[in-house]
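> Chains as they are written, first to last, in the numbering used here: chain Z, 702 to 1000; chain C, 41 to 520.
To start, I am sharing the structure in question, which I have written as C-alpha cells.
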C-alpha cells in the first residue's frame, strides 16, 4: 500500500512539475499559431468605439448594421463570448481593441456573470480556446483568491473556460457584420420556442465583488463605461432585487429595469435571446437610449 | 458525477483513503462506506432517483430471502415474477412510457381516428437499465438454486449500488460479484497499479478519442442531407470509434476503479473491432449485456437446441430486445433487427463457431483473409450504427441515400487529420495488446521503467490537454 501511494504521489508530482514548467513558458511543446479574436461590427482606425459587452445576447439581440449606420461617427463593436466562458475572459478581449478616451462601453451582461463562479472560469467543458497565460496572470494580480479558487471550483461542473490573449501569440481581430445566428430561418421568421425557455434563477449579491469588477473595467478601458440591463422578463426583478437596486444606485445605467422587458412573442429559444422581431425593438430602444445620452451628457 | 470530472478526481482518493486506512479493519463498515459513497455518487446526478435504486435493492433482497425459505414451486415462481415485474415495471415506466403513448396515438392517427394525446415529462434515471438487470440476476440465480441469498443487507446494497459500475455497467452477476462483498478485501499492489493503468486507458479512450469525434459526428448526424456521401462515411466511421471509445472507456474506468478497491469486475469489451465475424463481435462487445441476455433469455427460450426455426426466432428476439433495451426509439429496434439479420447466414448454414481464439494469434501481422474478415465485420457493424445514432428513421434514410450516391466519391467536407492519427495510434496499441485484458496492461522489464513512466506521463498530459481544451461530452451510455 505504501509503495502504491508513493508511486501515485511521485507520478502526480512529476505531472504538476511538467505543467508548471510548460505553463511559465520554459518549455513550449506546441508551436504558436495566430489566434483569432472574434467580434461583431467593424473597426476602422481614427474613429472612437461604441462597444457592447455581453454574452450570446449580443449574437441575437442587435442589428449592428443599423447601429453602425445610425452612429456612423463610431465603430460599433460587440465584444462577446458565450456565457460559459465567463466575465473576465470576455472582458479581457477588450484590451485587444484599439481604444481611445472617447470610447463608450456598454456592459449588458447576463446576470450570472456577476456571480463569483462565473467570473473567471478556468475548467473547460465545451468549445474552448486555449488557457491564457495573460488572463490567468492578470487574474492573479487583480483577483488572486478568485483565480486560485476557479482552478479548484467544484461547486459546479458547468462549462468554464478562458479565451486566449497570449502575449507571445500573434492575435488577429475578426469582425463579422451580421452574426451567423441571425441568418437562421426560424430566427428570421420571428419564431418563439413554445416551451419554457429555461428557468432563470436568482444570483448572489456581493457588493464588493461588483465593485471590483467595475474597478477592473475602469482600469482597463480608456473610455466611458455604462451599464444596461439586458433583455429580460419581468419576473427577474423579484429574484435579483437587491443586486439590481445596488447596480442602479451605484453605476451609470442607460436604461431602467422596467424598460428592458420584452413581450413573450419576441423571444427566440431562451430568455436571453430575442428573435428577429425582438431584435428590431431592442435595436430601436438602444438607439433611443444612446441619443438621449448624447443629448444629456454629450456622450 | 462523471468519471471525467474534477469532482470525481477528488471523490475517488477520499473514498480510497477512507476505505483502506479508516474502515479496513471492519468489513461491514467498509461495505457501508461503499453504499454511502455510491449513493452520494449517484445522488450528485439526481438524489430523487436514489429511491429507485433503494426500491430495487429492498425488493430483491426480500424476494431473495423468501425464495430460499420457500420450497413450493408455485410460490417461488410468484416471488420471482414479483421481482422481475417490479424491476421491469420501473424500467418500463421511466424508459418506455412515452414511446408507447406516442405510438398508440400514431396508430389511431394513421387510421384517421384522432385522439387527445399527452406525453409525460419523464426523466430517464441514469443507469436504470444497468442496475435493474444486475439486481434481477440475483433473484433469478437464487430461483435457479445457483446462489444462496444474502443475509447481509448492507453487502447486498453495496453489490447493487457499487458506484464504479452503477450507471453504465459492466452488468455484474450476483454469483460472481456478491461473494466479493462478503469476504475481506486485501490490497494487492499489482492489481491496484493495473487498475490505475486501466483507468488511464479508459480516460484516454473517452476524453481524447471519443470526445474528439463527437463534434464531427453531431454535425453530420444532425444534418445528413447537407453533406456529401464521403463526409457521411467519415461521420459513420467516427461514430463507431466514438461509441467504442466512450463505452469501453467507461468500462475500463469502472473495472480499474473496482480493482483499486480490491474487486474484480467482469470484462466488458475484448477489442471488438478485431472481430472476424458478427458472432465474434458480439462475444467481444458489451459482453456483460450479451451474456446476460444469453443466460436469462436466450437459453430459457431454448437457445439453439430446439431446431433451426427456434434458433432463428430466439436470435431475433434477443436482438430486438437488446435494441429496445438501448432506447425507446424505432431506430434501436431496427438496429437490433439488422444485427439479427447479420446472424442469419451463419445460422442457416449451421456453422460451427470457428473464430474463437484471438485473431492472428502468435503473429504480429494478420493474414489477408483476416484483414478482409475484420474489415467486413467493421463495415457491417458501422452500417448498423447509423440506425443506432440517428434521431429517427427519416434521418437514417437521408443518411443511406447520401452514402449510396455519387457524392461518396467527392472530397469530404471534414477530414480531421490529427484525430485520424490518434485513432490509428489507439488501434495499433490495441492490436499489439489484443491478447491482454486492456491496452495498457504493460509488462516491461525494470530497465524500461523510465520509458513506461514517460509514456504514461505523455498519455496523462494528452488527457488533461483534451479535458481542459477539448469538447467534453457526457457518456453515451448514460442515455440507456
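Built from N, CA and C at the ideal position, the CB exists for glycine as well.
Hey, would you say residue 410(C) sits closer than 8 Å to residue 474(C), going by beta carbons?
no
> Using a Cβ cut-off of 8 Å, pull out every chain Z residue sitting near residue 233(C), in sequence order please.
705 and 708
> Taking the alpha-carbon of residue 181(C) as reference, which of 318(C), 194(C) and 119(C) has the nearest alpha-carbon?
Residue 119(C) holds the alpha-carbon nearest to the alpha-carbon of residue 181(C) among 318(C), 194(C) and 119(C).
> With which residues is residue 875(Z) paired in a DSSP beta bridge?
739(Z)
> At least one CB of chain Z closer than 8 Å to the CB of residue 240(C): is that the case?
no
> In this structure, how does DSSP classify residue 954(Z) when only helix, strand and coil are distinguished?
Residue 954(Z): strand per DSSP, three-state reduction.
> Have a look at residue 446(C) and residue 268(C) and give me their C-alpha separation to the nearest angstrom.
9 Å
> Just tell me which of 784(Z), 920(Z) and 957(Z) has its CA closest to the CA of residue 933(Z).
957(Z)
> Around the Cβ of residue 819(Z), are there at least 16 other Cβ atoms within 10 angstroms (buried) or fewer (exposed)?
buried
> In terms of residue numbering, what span does the beta strand (DSSP E) encompassing residue 755(Z) cover?
750-755
> Return no unless some Cβ of chain C is closer than 8 Å to the Cβ of residue 867(Z).
In this prediction, residue 867(Z) scores a pLDDT of 43, lower than 50, which makes its location untrustworthy; no coordinate-derived value is stated.
> List the DSSP bridge partners of residue 968(Z).
BP columns for residue 968(Z) point to 975(Z).
> How do the stretch 294-304 of chain C and the stretch 193-204 of chain C stand: do at least 3 beta-carbon pairs fall below 8 Å, yes or no?
In this structure the stretch 294-304 of chain C touches the stretch 193-204 of chain C; the number of beta carbon pairs closer than 8 Å is three or more.
> Is there at least one Cβ from chain C nearer than 8 Å to residue 821(Z)'s Cβ?
no
> Spatial neighbours of residue 272(C) within its chain, please: C-beta separation below 7 Å, excluding the five flanking residues on both sides.
Cβ neighbours of residue 272(C) beyond the five flanking positions: 260, 264, 439, 442 and 443.
> Rounded C-beta distance between residue 478(C) and residue 220(C)? I'm assuming under 8 Å.
Between residue 220(C) and residue 478(C) the Cβ distance is about 20 Å, and since that is not below 8 Å, they are no contact.
> For the stretch 52-67 of chain C, enumerate the residues whose C-beta is nearer than 8 Å to any C-beta of chain Z, in chain order.
Listed in chain order, the positions of the stretch 52-67 of chain C with a beta carbon within less than 8 Å of a beta carbon of chain Z are 60.
> For the candidate residues 707(Z), 880(Z), 844(Z) and 876(Z), whose alpha-carbon lies nearest to that of residue 762(Z)?
880(Z)
> Do residue 178(C) and residue 93(C) count as a contact pair if the criterion is CB distance below 8 Å?
no
> Where are the alpha helix (DSSP H) runs, 4 residues long or more, that stay fully inside the stretch 97-169 of chain C, in chain order?
You should have 113-150.
> Shortest alpha-carbon distance to residue 215(C) belongs to which of 189(C), 42(C), 249(C) and 76(C)?
189(C)
> Taking the beta carbon of residue 382(C) as the centre, do at least 16 other beta carbons fall within 10 Å, making it buried, or is it exposed?
buried
> By the criterion of Cβ-Cβ separation under 9 Å, what are the contact partners of residue 716(Z) in chain C?
497, 500, 501 and 504
> So with CB distances below 7 Å, who are the chain C contacts of residue 747(Z)?
The contacting residues do not exist; residue 747(Z) stays about 37 Å from chain C at best.
> Shortest alpha-carbon distance to residue 167(C) belongs to which of 451(C), 208(C) and 185(C)?
Of 451(C), 208(C) and 185(C), the residue nearest in Cα terms is 208(C).
> Please give the ranges of any alpha helix (DSSP H) in the stretch 473-509 of chain C, keeping only runs that are unbroken, at least 4 residues long and fully inside the region.
489-509
> Sort out for me which residues DSSP pairs residue 780(Z) with in a bridge.
754(Z)
> Mind reading off the beta-carbon distance from residue 252(C) to residue 506(C)? Whole number of angstroms is fine, and I expect it under 8 Å.
7 Å
> Taking 8 Å as the CB-CB cut-off, is residue 719(Z) touching chain C?
yes
> Report all residues from its chain with a CB closer than 7 Å to the CB of residue 346(C); omit the five preceding and five following residues, and keep chain order.
none
> Is it true that the CB of residue 821(Z) sits closer than 8 Å to the CB of residue 646(Z)?
This structure leaves residue 646(Z) out entirely; chain Z is present only between 702 and 1000.
> Output needed for residue 330(C): all residues of its chain with C-beta closer than 8 Å, excluding positions within five of it in sequence on either side, in chain order.
322, 323 and 362
> Measuring only between beta-carbons, confirm whether residue 261(C) sits less than 8 Å from chain Z.
no
> For the alpha helix (DSSP H) that residue 56(C) lies in, which residues bound it at each end?
46-57
> When you compare the CB of residue 229(C) with every CB in chain Z, is at least one pair closer than 8 Å?
yes
> Any chance the stretch 232-246 of chain C sits against the stretch 132-151 of chain C, with 3 or more Cβ pairs inside 8 Å?
no
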